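Trainee:
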Amino acid sequence: MWILRPLLAQGRVSLLSVKRFASSNATAFDRKGLQQTGKHIRQALQGRDVVFYQAPDGVGRTFMFMYISAGVQLLFWGNLASLAYVTYSKKESDAEDAPVVLAPKSQRLAIAGGLVALGVGIASAMCMYPWRYIDKLILLRGGNRVKLVTHARFLDSHKYKEYPIDQMFCKQKVLTGLGPTGIDPLGKTNSSHIFLRAKGERMAYMLDRKGKFTDTKLFDGLWYNPSAR
353 MWILRPLLAQ GRVSLLSVKR FASSNATAFD RKGLQQTGKH IRQALQGRDV
403 VFYQAPDGVG RTFMFMYISA GVQLLFWGNL ASLAYVTYSK KESDAEDAPV
453 VLAPKSQRLA IAGGLVALGV GIASAMCMYP WRYIDKLILL RGGNRVKLVT
503 HARFLDSHKY KEYPIDQMFC KQKVLTGLGP TGIDPLGKTN SSHIFLRAKG
553 ERMAYMLDRK GKFTDTKLFD GLWYNPSAR
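Structure follows, in structure tokens:
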């Protein structure tokens, strides 16, 4: 900004150009009026990424069991579909003494396909939780973007997500003032998870209140917005 002041004084650049320049170089902290909050994090972001949240220890083991259970579901429903295709039979006619014969191929395929689809649906539902559960939240160098690391396995497209900081929001405060650390949920009915959403996406990401937050006040300043949609 100081570079442009002599040019502005000489009339060689317009005030609008200066404002555009300042806006393009402003960080999300500046745009949200957080210049005085989390100064040590702002300084660190000038040279490196900062881990802003870390999930509690032990959750990886829980999700591993969920993935194993999802695999078992696929095997079970796949075997059941194979059995239905090979052995599903019906009476040849409506007569009482009509012989039982193998059902038409189209009918066996339909039943087997339905069983496979059911198995895939159950397994996918079991995988959705770890796919949206945040293991690490990293503020990227420069202070304008955030990287989410989930517990997704085998699919990097679900494991790593990057968003502009301004695009994220949540409707729950981290800093509630309750409990020994001040981040316990408000009321007995409130979830122990914080739901962080990206604008334009229907499903939210989940952060566990038992995890480690680098700066709870700054987290709320960046993303708490109860009226956002």
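Counting from 353, one number per residue, gives the positions in the sequence shown under our numbering. Just so you know, even glycine gets a beta-carbon here, dropped at the ideal spot from N, CA and C. Fair warning: this is a prediction, and the values are worked out from it, not measured in the lab.
1) Does the distance from the CB of V585 to the CB of T566 come in under 7 Å?
2) Give the list of continuous alpha helix (DSSP H) stretches no shorter than 4 residues that lie fully inside the segment 484-555.
3) Compute the minimum distance between the beta carbon of N496 and the heavy atoms of the ligand MN, and state whether it is under 6 Å.
4) Please report the distance separating the alpha-carbon of K488 from that of A455.
5) Identify every residue that forms a DSSP beta bridge with V452.
6) Please report the distance separating the alpha-carbon of K513 from that of K457.
7) Thinking just about the alpha-carbon of each residue, which of R561, D518, L548 and R581 is nearest to the one in I535?
8) Three or more beta-carbon pairs under 8 Å between the segment 517-532 and the segment 421-435, yes or no?
9) Given 8 Å as the limit, is there contact between the segment 482-496 and the segment 443-453, that is, 3 or more CB pairs closer than that?
10) Can you tell me which of P516, K511, Y576 and Y485 puts its alpha carbon nearest to the alpha carbon of L559?
11) With 16 other CB atoms within 10 Å as the buried threshold, where does F417 fall?
Mentor: Reading from the atomic positions:
1) A question about residue 585 goes unanswered here, because the residues of the chain that appear run from 353 up to 581.
2) 508-511
3) Among the ligands in the structure shown, none appear at all, so the ligand MN cannot be discussed.
4) 52 Å
5) K443
6) 44 Å
7) R561
8) no
9) no
10) Closest option to L559, Cα to Cα, is Y485.
11) exposed
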